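Report on one structure; see the data block that follows.
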Amino acid sequence: MSEVRAGDAFPVFGTEDLERQLHVFAKDAVSAYRREKTRARELEHALGTLQQAYLETIRSMAFVVEAKDAYTGQHLERCRVYGVRLLEELGIAEEYPDAQYGFLLHDAGKVGVPERILSKPGPLTAAEWRVMRTHPLIGYQMLASIPFLQNAAELVRSHHEMFDGSGYPEGLRRDEIPLPARVFAVIDAFDAMTTDRPYRAAMPIERAAAELTRMAGTQFDPDVVAVFLPLCDRLTA
Ligand SMILES: [Fe+2]
C-alpha cells in the first residue's frame, strides 16, 4: 500500500469502491449486532439464574424460620405468588423486584422471640405481646444490611402496620406504610381466611372478599383492595 504524503491528492473513490466499503461496514455492523444480541441473551440468562438462586435461598431461609408450622410453608409460597400477581396488576412489580423476598421472609424476626411465647397454647399476656411485637423490627435488622433486600426489609418492618395507623411497630398510616407492605397485608389476610386452619374451616372466597371490603380504609389500603378483589377468583382457581 503506497504511503499518502502531504500534498498528495486525496484518493477519490468510485461508486463501486463506495458500495464495496458500505457493504463491508454493513457486514461489520450486522455481526457486531449479533454478537451484542448473543451477549445480551447470555447476560439475561445469567441474571435469571442468579435471581432464581436468590429466590431459592430466601425460600429456604423462610422455611427454616417457620419449619415448625406445616401450614406456613404453603402459606408463604401462596403469599409470594398472590403478592407478585397483585404488584403486577398495580403496575409496580418492576419497581419492587425484591418484594417477593419480603413476602416470604415477613416473619423472619420471630427467630428472636422465645419459643415459649411463639408456641404458647393459650392467649399471650400483655408482656408477652410486647415481646411478640418486636419481630418486625428484628426481621428488619436481619435484612436491612443486605443490598438486594432493601425493599424486602422495609416490608418486613411494616407488615403489621394498619392503614388507619392502629398497627405496629411504628403506628404508620396510609402512604407512610411502604406500598409492598400494604399489598402484603391484603394477600396475607385473604390467604389466612381462605385456607383451613386446625381451629377453623376455610372461609368461602366471597365472604373473604366481603371482609376485605369491610376493612378497606381501616386495616387495609382501599386502593389495593379494589385492585385485588377482581383477582381473587383467578388466583385461587
Ligand atoms: Fe408477623
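Be aware that the sequence shown starts at 38, since it is given in our numbering, and climbs by one per residue.
C-beta: ideal position from N, C-alpha, C; glycine also.
Just so we're clear, the structure is a prediction, and the values are computed from it rather than from any experiment.
Between which residues of its own chain and residue i is the CB-CB distance below 7 angstroms, once the five residues before and five after are set aside?
i      : result
Pro235 : none
Met38  : Caution applies to Met38, whose pLDDT of 47 falls short of 50 and renders its modelled position unreliable; the model cannot decide the point.
Ala130 : Val121 and Leu124
Arg96  : Leu141
Glu126 : Val264 and Leu268
Pro259 : Ala253
Asp233 : Ala239
Keeping to the same chain, check which residues put their C-beta closer than 8 angstroms to that of residue i; ignore five residues upstream and five downstream.
i      : result
Glu191 : Gly139, Tyr177, Pro215, Pro217 and Ala218
Pro151 : Val168
Thr255 : Met199, Phe200, Asp201 and Ser203
Tyr91  : Tyr138 and Phe185
Asp135 : Phe185, Leu186, Gln187, Asn188 and Ala189
Thr86  : none
Glu248 : Ala226, Met230 and Met240
Val102 : Leu142, Asp144, Ala145, Lys147 and Val148
Taking the DSSP output, what are the residues bridged to residue i?
i      : result
Phe257 : Ala253
Arg237 : Arg234
Near residue i, what residues of its chain come up, given a Cβ to Cβ distance below 6 angstroms and the 5 sequence neighbours on each side ignored?
i      : result
His172 : Gly146, Lys147 and Val150
Pro206 : Pro173 and Leu174
Ser195 : Ile214, Pro215 and Ala218
Gln137 : Arg117 and Val121
Phe265 : Leu123 and Val223
Ala99  : Leu113, Leu141 and Leu142
Tyr119 : Ile224 and Leu272
Val261 : Arg219, Val220 and Val223
Arg170 : Tyr205
Asp212 : none
CB of residue i to nearest heavy atom of ligand 3: below 8 angstroms?
i      : result
Val220 : The ligand content of the structure shown is limited to ligand 1, which means ligand 3 is not among them.
Original post:
Near ligand 1, which residues have their beta-carbon closer than 6 angstroms to a heavy atom?
Top reply: His143, Asp144, His172, His196 and His197
Subject >> Ordered list of alpha helix (DSSP H) runs contained in the region 157-212, each at least 4 residues >> reply: 163-169, 172-180 and 187-195
Original post:
Can you list, in chain order, the stretches of the alpha helix (DSSP H) that have 4 or more residues and sit fully within the region 94-137?
Top reply: 107-127
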